[in-house]
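Novice: Sharing a structure with you now.
Number of protein chains: 4
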Amino acid sequence: MILQFLAKKKLSRFLGHSFSASYTDSSDDETSPRDKQQKNSKGNGDFCIKNIKQADFGRREIEIAEQEMPALMALRKRAQGEKPLAGAKVVGCTHITAQTAVLMETLSALGAQCRWAACNIYSTQNEVAAALAEGGFSVFAWKGESEDDFWWCIDRCVNVEGWQPNMILDDGGDLTHWIYKKYPSMFKKIKGIVEESVTGVHRLYQLSKAGKLCVPAMNVNDSVTKQKFDNLYCCRESILDGLKRTTDVMFGGKQVVVCGYGEVGKGCCAALKAMGSIVYVTEIDPICALQACMDGFRLVKLNEVIRQVDIVITCTGNKNVVVREHLDRMKNGCIVCNMGHSNTEIDVASLRTPELTWERVRSQVDHVIWPDGKRIVLLAEGRLLNLSCSTVPTFVLSITATTQALALIELYNAPEGRYKQDVYLLPKKMDEYVASLHLPTFDAHLTELTDEQAKYLGLNKNGPFKPNYYRYADVPFNPCLLHHDFIL
Amino acid sequence: MILQFLAKKKLSRFLGHSFSASYTDSSDDETSPRDKQQKNSKGNGDFCIKNIKQADFGRREIEIAEQEMPALMALRKRAQGEKPLAGAKVVGCTHITAQTAVLMETLSALGAQCRWAACNIYSTQNEVAAALAEGGFSVFAWKGESEDDFWWCIDRCVNVEGWQPNMILDDGGDLTHWIYKKYPSMFKKIKGIVEESVTGVHRLYQLSKAGKLCVPAMNVNDSVTKQKFDNLYCCRESILDGLKRTTDVMFGGKQVVVCGYGEVGKGCCAALKAMGSIVYVTEIDPICALQACMDGFRLVKLNEVIRQVDIVITCTGNKNVVVREHLDRMKNGCIVCNMGHSNTEIDVASLRTPELTWERVRSQVDHVIWPDGKRIVLLAEGRLLNLSCSTVPTFVLSITATTQALALIELYNAPEGRYKQDVYLLPKKMDEYVASLHLPTFDAHLTELTDEQAKYLGLNKNGPFKPNYYRYADVPFNPCLLHHDFIL
Amino acid sequence: MILQFLAKKKLSRFLGHSFSASYTDSSDDETSPRDKQQKNSKGNGDFCIKNIKQADFGRREIEIAEQEMPALMALRKRAQGEKPLAGAKVVGCTHITAQTAVLMETLSALGAQCRWAACNIYSTQNEVAAALAEGGFSVFAWKGESEDDFWWCIDRCVNVEGWQPNMILDDGGDLTHWIYKKYPSMFKKIKGIVEESVTGVHRLYQLSKAGKLCVPAMNVNDSVTKQKFDNLYCCRESILDGLKRTTDVMFGGKQVVVCGYGEVGKGCCAALKAMGSIVYVTEIDPICALQACMDGFRLVKLNEVIRQVDIVITCTGNKNVVVREHLDRMKNGCIVCNMGHSNTEIDVASLRTPELTWERVRSQVDHVIWPDGKRIVLLAEGRLLNLSCSTVPTFVLSITATTQALALIELYNAPEGRYKQDVYLLPKKMDEYVASLHLPTFDAHLTELTDEQAKYLGLNKNGPFKPNYYRYADVPFNPCLLHHDFIL
Amino acid sequence: MILQFLAKKKLSRFLGHSFSASYTDSSDDETSPRDKQQKNSKGNGDFCIKNIKQADFGRREIEIAEQEMPALMALRKRAQGEKPLAGAKVVGCTHITAQTAVLMETLSALGAQCRWAACNIYSTQNEVAAALAEGGFSVFAWKGESEDDFWWCIDRCVNVEGWQPNMILDDGGDLTHWIYKKYPSMFKKIKGIVEESVTGVHRLYQLSKAGKLCVPAMNVNDSVTKQKFDNLYCCRESILDGLKRTTDVMFGGKQVVVCGYGEVGKGCCAALKAMGSIVYVTEIDPICALQACMDGFRLVKLNEVIRQVDIVITCTGNKNVVVREHLDRMKNGCIVCNMGHSNTEIDVASLRTPELTWERVRSQVDHVIWPDGKRIVLLAEGRLLNLSCSTVPTFVLSITATTQALALIELYNAPEGRYKQDVYLLPKKMDEYVASLHLPTFDAHLTELTDEQAKYLGLNKNGPFKPNYYRYADVPFNPCLLHHDFIL
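Chains as they are written, first to last, in this note's numbering: chain R, 21 to 508; chain G, 21 to 508; chain L, 21 to 508; chain X, 21 to 508.
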């Protein structure tokens, strides 16, 4: 059940990625990879992928991705001498794309051994998997796995004679779940879990609450840098992109209501305002509401403007934000879409009634037609617009991958006792380090503190630069929680 | 020594306030208030102010301020029935202005008794003090106190027969300091300290670190709402205002470098970019640096652009950010000013050398002239531009005052054990409440969660609405620290 | 030769349109329409199209377009009683799309008879042509005409027994050219030409200069409303759309140089600045250059920034703005594209040399690879990005079509002597009328002058509202040229 | 009667200027300058000013202004060799400020003889007048002239034995009016009039219409560059400045209605939107209305929003835009001000009724109080806010002064027949030249056309660069009107 939900969610994310990769896909034959016996050019057969012959093509994809992920390449160079992951045995379960390959080859360059499965049954780029297998990685993944294949691949990563993982890199929590269920004793040797997704992080916090988390876990999803890029900066661009690609709508003069003024909502509002739309905001949190006011948006209840708006965008992470009653009152041609964290924000199910006609007018675009002829334009059936109908820039993926690599290094090298059996946010210093590795992309030049200035501010010259109560925190200030040395 | 510094700092803030109030000032005679015996119309003489006859004029000032502080007025109404401050004896030390008077009369309406002194020797509005005295408040303050007067007034608030404070409201820490020094035993009955200023908060953390803090203290300065308004939103407007009032400079096409991209820097950059300036940013923190890049600013070292810019603005809170070497390289007519937290950001002392000529061309504006005729336009002698040369909107003061009132209520009513002898940030729920009280000003309508939605999100319908790791926090997530009931 | 150029230009425009229409295209058989004998359901066979059976599908397309072209629908209603085109025989040569069909049916509703050919050999929507033929229009056009077909179709529109056109609606000048060449005597009965394209207008001015223009012509291309929408507002959105669809580039933090700061450049710069790019501008005209400065852009020569920028955009209408020397100096991964009026702005020919490798990585996207591995990303081979790689919103097409309709009405109804054998811009009052017909789309409410105000301003209450020297004009003020009555 | 109006209007402008100059004013004695006999250090006494002893101080003011008027200084250098004004005898009537002095000394450097009076009885900077007299200029002006003084001064400029003007530089038309009335025969020798103000230009067009204009006149007011700077760019900044200086209002979240979306309205709207205000627009012209929509503003009628807005700004040039009925419906605290061309936009007279109380709360700020206690904040009594309550940047004055100088040169040197007895706009090429002289201020680098490009575009490499129908023109295209050589 949960798997189904995840598969759906990840599928749409994959569809996003595939915009850039689709022209490279090729489906050769119908035999299941599980029934084939393949070896790479060095005679190694410890993998299971679609077609090892696609390796060259996959290599080219990886090389192009390397150009756009300078931070990982820098990390390779900077940390290679000391091999901070020497001895690490990483089992991973993520989307298998060119960007992931750059991450895996970086981990390898830093000393780690890796075994990898896909976290989604549709998202594997077969050529990339081939290139990884050719390069000696034990990859178990292909595009179009069955549910049985999915768990089989994960099991093949974990259940190996003479090799036991000591680090987990997970995206969605399925790999972690599998080990908990099948091989709980493995956790004795595991030094930590790095988890990227909202869902996986949620599961970890639940484990922690229940007292069942038996190793430290790093919540990569909520790192400052990742959040800012996944949400504010990325959504600022993808809301425009997603709407244009699906509807060709002109933004100028359009009336838009954005539900929710968190980072995602802020990005959407800023972009649409800049393009000449008139934007209304709804909020439940008075602090975010006041920010919306100060940023120049009318704060309304949805009902106040639902009759007049041309576009409705949900960014709340909540459920049933737009319900049938709202949809009934929208005007002809109104576009409805979701940029939030779940696919429940728009009550799409309520539109599956006999008196309404659905007409698929384009990929990801449905007209829902009322008996009086009114048409509502529903995008991506209420799933995430930015993942379904636009693409995720490599730059954003680079930030995530770099954060994952650093989290692995931190957990693997942390002295005894630094991390307990709990879920941790990334130390701010590591967040700052991820950011610093991405500055050269912008030819940006950081200023260094003088000794005198550092002393005046009571800061280490190398950071971290902000107190942990910077901006959002309502726990007592406790500096002890903040400062400790960091491996790089 | 510290007092000197504070007096200077506060003086400039007062100058800001006085923009709106200066036409109401009148200096009647030269007798020291300490030598006069005055009584109000009810025969009460427990106060010491300039001239009780100015009460009517002060009352009008207070009434005008009430119109612009709807949140406090709402608080009066909402909480008046239950009188949450019944029994509270508040001793306060703040600027004494019409806005403060609205706060004091609110505290009184909620059940508190108040005695009050000024936190600055120049900032008292005499008419307002008169109106307060006429209304029965024990106020000890006038414009133009000597240092001896200053401490005498504070002492008169605290040292009373038959009355002992149980709450402290401080701005700068001088009142707290005085009680620590003179009447330490008073702390037995004191339930808590509410402190507003950066300096005062710093002193409290030092006390806490040294294990000498003997009551809970609330750091009002770092509440989300106050920070956003004092910094981002207020500076977005005051940077333009301060520059215009002093130099009449046209912003369009000007090249500007802003040192520091925290909230203050973000506000300055956004405003100047919007007015058509070309803005460069310097930063030491890579996360803020990356934000500057994504927001469209070239990130540079100061030396890279110092020769070409028309305006230099410091927003770092650091010292010696702009030094003589930079000033020597600036072009003729370059404007230099400071929006940061200290008056040390620009090394003004380095300009006090014989070869440079200073010419005061307008209030707060100096031309510093090099031997070759080059002129640098230095504003407010390097002190805070927005406090010296622009005004603080009442709306911002309203947010601060409301936060202070709520902090007093919270500390006074907190059950045994909720707060220990430490410095606390405002519970997020109170921050949210302050925000909600200010929404009607914008005719803003908040959306309420349905029961179903609240359950789905795992939130209380009345907030708080954000996890405590929202955006900036690097401590382990611990929900226990977050939720507790709140009096209002 | 000219035809070739036009076909190329128009092809790319068509490709833009087809984004929205491509899912409706179907190619049935290979027989040339010229070899088929088809009749509509009423037995009429005076047309030549691909397949009359597609009429129903085309009708649905037209109905959807009608919803988005409220101005033409309003014009139908408002002017229908008096039929201002009664007796008009309009021969037209434009793209044949659903939007054009709405125009043609409007002209018909206003009293005109119409015969129509396509102005481009690829741009006809066959289903729409079928719907028009079924509705009784004499349409001669299909997708994929040969050059011979192209002229044959035009000739079939013009050369009819017992029917002679008295109005020409042209897009590109080919129809006008054909009549000049083959049937010059027809001009005796022709009351005027309405021309939409830059190229066609240019040809008309040349005819006028040479003294060979024998009827009045209306330059619809340069109407204020059309210009603003085709250029500023449309490009503000399409630059982002075109770049995203082709390259998925993240705009935040990117350095961009925009060559030319006319309306197109202004739109591009505003959009990219709003998305967080750092934008440089080049200009030849000091007035536009000063505007760029005041709008916050560094004005540079291309050479100053060519090494550092991530994106180069040409918007000049000039030739060889970006030449091989610039391309040689760009950094790896630099994106190069053209938003200007010609395909000569980038010297693409200079890249067709043996040492450079071209790699087509996606539709409309080429990597040009230097011997050292440097890749330049060239979009649309230097043709117009917004027409090749994004779409034109129906709203923009609606403005053009409405303007064309009004121009026809004006020329057809103008009293003797109002227009001579010259090229005219649309009377401002008509421009204002086009604008007013589009205001309801935005639920926008215009204010009306009171009688007293109109008198005070010396204006007619119904406009025109601006003197003819408003903003850009350097001819003596001559009010006589301005005011005359207008038919609607 | 007209004079009264002008004096009022100019007075407010003067008040604007005086913001920067007020600290230099000194009033020495009460004797009328007409009763004093003064001589400069060279024994010359052909002037009448307040006090020749202030010359040194005035000289310093002029030198500071020179630094900020680089275009005039460049003009001096560039044209000095050939002295294009050799033989010119210019009589001028303008505000006499440091900026005007830079203009006068430039005219002199180019070969002209000048005699000058003030166009406003209050606006003369006495020290500057003294410096000019000391430098040999025949200046007749002082601060605080009577109406009789005003005309006496003008007469002393014109009515001189042995000297007759051949050029007029006027601001407001009073000088021109005086010569028409008293010395009409002078026009035989006068080569042209250069007029800067709206009012003066209006009078010239009326003369022209009536067939009474007997020399060519140059309308400097409507030059593109001046218009853009006086309106769009200057107002974008001065609306914020004017509101802040008078009311200290916080812009964020405020609801504002701007009446009129011409250049002034566009500037106001852009600035307020950027500061976080929610802006509504009213318009009578559908083209401007559509622009407002596309720029993201709700287009409304004033009545729709009058109850909810916090600020009302008029920018129409019309009368009675805000009337008593609107004022009655505004909410408590609403700020009302005028940025348009006349002081009639707000019907201030309607507020002078017995039931309303006026309270002057600050310079230029009145509270108008309704019987129920509602207060409206009226700024500058409805006169121009930006001239009354903010300052005009020297950069804007520099553009105007440079344009005046070039217009004089053009008219003085134009070959017989180029200009007839009509009112002319500045040739575009001169507009471009003014712009180019101001680019170095921004370190802006103009691109030059190659020969090949100029040929391709059909342009002269030195401009003009735009056809005369660029953007706003509704007269037939006539290239003959456009191109002619230009003296510089």
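For each residue, glycine too, the CB sits at the ideal point set by N, CA and C.
(1) Per the contact definition of three or more C-beta pairs closer than 8 Å, is the stretch 209–223 of chain R in contact with the stretch 182–196 of chain R?
(2) According to DSSP, what are the bridge partners of X/Asp-386?
(3) Quick check on X/Phe-462 - is its C-beta less than 8 Å from some C-beta in chain G?
(4) Touch check for the stretch 267–280 of chain G and the stretch 328–342 of chain G: three-plus C-beta pairs under 8 Å?
(5) From which residue to which residue does the beta strand (DSSP E) around X/Ala-421 run?
(6) Using a Cβ cut-off of 7 Å, which residues of the stretch 283–315 of chain R contact any Cβ in chain X, in chain order?
(7) For X/Leu-260, return the contacting residues in chain L, with the cut-off set at a CB-CB distance below 7 Å.
(8) In the stretch 171–220 of chain G, which residue ranges form an unbroken beta strand (DSSP E) of at least 3 residues, counting only runs that do not cross its ends?
(9) Determine the burial state of R/Glu-102: buried for a count of at least 16 other Cβ atoms within 10 Å of its Cβ, exposed for fewer.
(10) Distance, Cα to Cα, G/Ala-138 vs G/Glu-165?
(11) Relative to the alpha-carbon of R/Asn-363, which residue among R/Leu-404, R/Leu-371 and R/Cys-254 has its alpha-carbon at the smallest distance?
(12) Considering Cα atoms alone, identify which of L/Pro-104, L/Leu-127, L/Ala-153 and L/Tyr-142 is closest to L/Arg-79.
(13) Give every residue of the same chain whose Cβ lies closer than 7 Å to the Cβ of R/Val-240, excluding the five residues on either side of it in the sequence, and list them in chain order.
(14) Given this structure, state the Cα-to-Cα distance separating R/Leu-431 from R/Met-238, to the nearest angstrom.
(15) Between which two residues does the alpha helix (DSSP H) holding L/Cys-68 run?
(16) Is L/Asn-406 helix, strand or coil when you go by DSSP?
(17) Exposed or buried, what is G/Trp-378 when buried is set at 16 or more other beta-carbons lying within 10 Å of its beta-carbon?
(18) For a contact meaning CB atoms closer than 7 Å, what does G/Arg-318 contact in chain L?
(19) Between the C-alpha atoms of G/Tyr-43 and X/Arg-382, what's the straight-line distance to the nearest angstrom?
(20) Please state if the CB of G/Thr-336 and the CB of G/Gly-280 are separated by a distance shorter than 8 Å.
(21) Using only alpha-carbon positions, find the residue among X/Val-284, X/Phe-271, X/Gly-262 and X/Arg-256 that is nearest to G/Phe-271.
(22) Is it buried or exposed for X/Ala-106, if we count other Cβ within 10 angstroms and need 16 for buried?
(23) Between the C-alpha atoms of L/Ala-294 and R/Lys-73, what's the straight-line distance to the nearest angstrom?
(24) Taking the straight line between their C-alpha atoms, what separation do you get for X/Ala-291 and G/Thr-461?
(25) Taking the continuous beta strand (DSSP E) assigned at G/Ser-143, which residues delimit it?
(26) Start and end of the beta strand (DSSP E) containing L/Tyr-281?
(27) Is the CB-CB distance between L/Arg-98 and L/Thr-126 below 8 Å?
(28) Look at the Cβ atom of G/Ile-326, then the Cβ atom of R/Leu-469, and state whether they are nearer than 8 Å.
(29) Can you give me, in chain order, the residues of the stretch 327–340 of chain G that have a beta carbon less than 7 Å from any beta carbon in chain R?
(30) Could you check how far apart the C-beta atoms of L/Val-368 and L/Val-397 are, in whole angstroms? I think they sit under 8 Å.
Specialist: With the given structure in hand:
(1) yes
(2) Taking the fourth sequence and counting its residues from 1, one reaches residue 386 of chain X at position 366. Beta-bridge pairing links X/Asp-386 to X/Arg-380 and X/Leu-398.
(3) What you label residue 462 of chain X is simply residue 442 of the fourth sequence in a count that begins at 1. Yes, because at least one Cβ of chain G sits closer than 8 Å to the Cβ of X/Phe-462.
(4) yes
(5) Here the question's residue 421 of chain X lines up with position 401 in the fourth sequence. First-last for X/Ala-421: 414–433, but that is the alpha helix (DSSP H), not the beta strand (DSSP E).
(6) So the close ones are Lys-293, Gly-296, Ser-297, Ile-298, Cys-313, Met-314 and Asp-315.
(7) Position 240 of the fourth sequence, counted from the first residue, corresponds to residue 260 of chain X. Residues of chain L passing the Cβ test: none, with the nearest at roughly 15 Å.
(8) 187–190 and 212–215
(9) The sequence position of residue 102 of chain R within the first sequence is 82, counting from 1. So R/Glu-102 ends up on the exposed side.
(10) As a first step, residue 138 of chain G must be located in the second sequence, where it is residue number 118. As a first step, residue 165 of chain G must be located in the second sequence, where it is residue number 145. Between G/Ala-138 and G/Glu-165, the C-alpha separation is close to 9 Å.
(11) As a working mapping, residue 363 of chain R is identified with position 343 in the first sequence. Minimum Cα distance to R/Asn-363 is reached at R/Leu-404.
(12) Residue 79 of chain L sits at position 59 when you count from the first residue of the third sequence. Closest option to L/Arg-79, Cα to Cα, is L/Ala-153.
(13) Here residue 240 of chain R is taken as the residue at index 220 of the first sequence, counted from 1. Same-chain partners within the cutoff: Val-214, Glu-215, Glu-216, Lys-246, Thr-423, Gln-424, Ala-427 and Leu-446.
(14) Taking the first sequence and counting its residues from 1, the one referred to as residue 431 of chain R is at position 411. Taking the first sequence and counting its residues from 1, the one referred to as residue 238 of chain R is at position 218. About 8 Å.
(15) Stepping through the third sequence from its first residue, residue 68 of chain L is reached at position 48. It is not in any alpha helix (DSSP H) - L/Cys-68 carries neither H nor E in the DSSP assignment.
(16) The residue you call residue 406 of chain L lines up with position 386 of the third sequence. Helix.
(17) Counting from one through the second sequence, the residue named residue 378 of chain G turns up at place 358. That one is exposed.
(18) If you number the second sequence from 1, residue 318 of chain G lands on position 298. Under the 7 Å cutoff, chain L gives Ile-298.
(19) In the second sequence, counting from the first residue as 1, residue 43 of chain G sits at position 23. In the fourth sequence, counting from the first residue as 1, residue 382 of chain X sits at position 362. Confidence at G/Tyr-43 is low in this model, with a pLDDT of 34, below 50, so the placement of that residue should be treated as unreliable; the coordinate-derived value is given next. For G/Tyr-43 and X/Arg-382, the distance between alpha carbons rounds to 7 Å.
(20) The residue you call residue 280 of chain G lines up with position 260 of the second sequence. The residue you call residue 336 of chain G lines up with position 316 of the second sequence. The answer is yes: Cβ separation under 8 Å.
(21) If you number the second sequence from 1, residue 271 of chain G lands on position 251. The candidate whose alpha carbon is nearest that of G/Phe-271 is X/Arg-256.
(22) The residue labelled residue 106 of chain X in the question sits at position 86 within the fourth sequence. Classification for X/Ala-106: exposed.
(23) Here residue 294 of chain L refers to the residue found at position 274 when the third sequence is read from its first residue. Here residue 73 of chain R refers to the residue found at position 53 when the first sequence is read from its first residue. Computed Cα separation, rounded: 45 Å.
(24) Stepping through the fourth sequence from its first residue, residue 291 of chain X is reached at position 271. Stepping through the second sequence from its first residue, residue 461 of chain G is reached at position 441. Spanning the two alpha carbons is a distance of roughly 21 Å.
(25) Here residue 143 of chain G refers to the residue found at position 123 when the second sequence is read from its first residue. Here G/Ser-143 belongs to no beta strand (DSSP E), and DSSP marks it neither H nor E.
(26) Taking the first residue of the third sequence as 1, we reach residue 281 of chain L at position 261. Looking at the DSSP string, L/Tyr-281 is not in any beta strand (DSSP E), and its letter there is neither H nor E.
(27) Translated into positions along the third sequence, residue 98 of chain L becomes position 78. Translated into positions along the third sequence, residue 126 of chain L becomes position 106. Not a contact, by the Cβ cut-off of 8 Å.
(28) To locate residue 326 of chain G, count along the second sequence from 1; it is residue 306. To locate residue 469 of chain R, count along the first sequence from 1; it is residue 449. Cβ atoms of G/Ile-326 and R/Leu-469: not closer than 8 Å.
(29) Asn-338, Lys-339 and Asn-340
(30) As a working mapping, residue 368 of chain L is identified with position 348 in the third sequence. As a working mapping, residue 397 of chain L is identified with position 377 in the third sequence. Contact doesn't hold; Cβ gap of about 13 Å is too wide.
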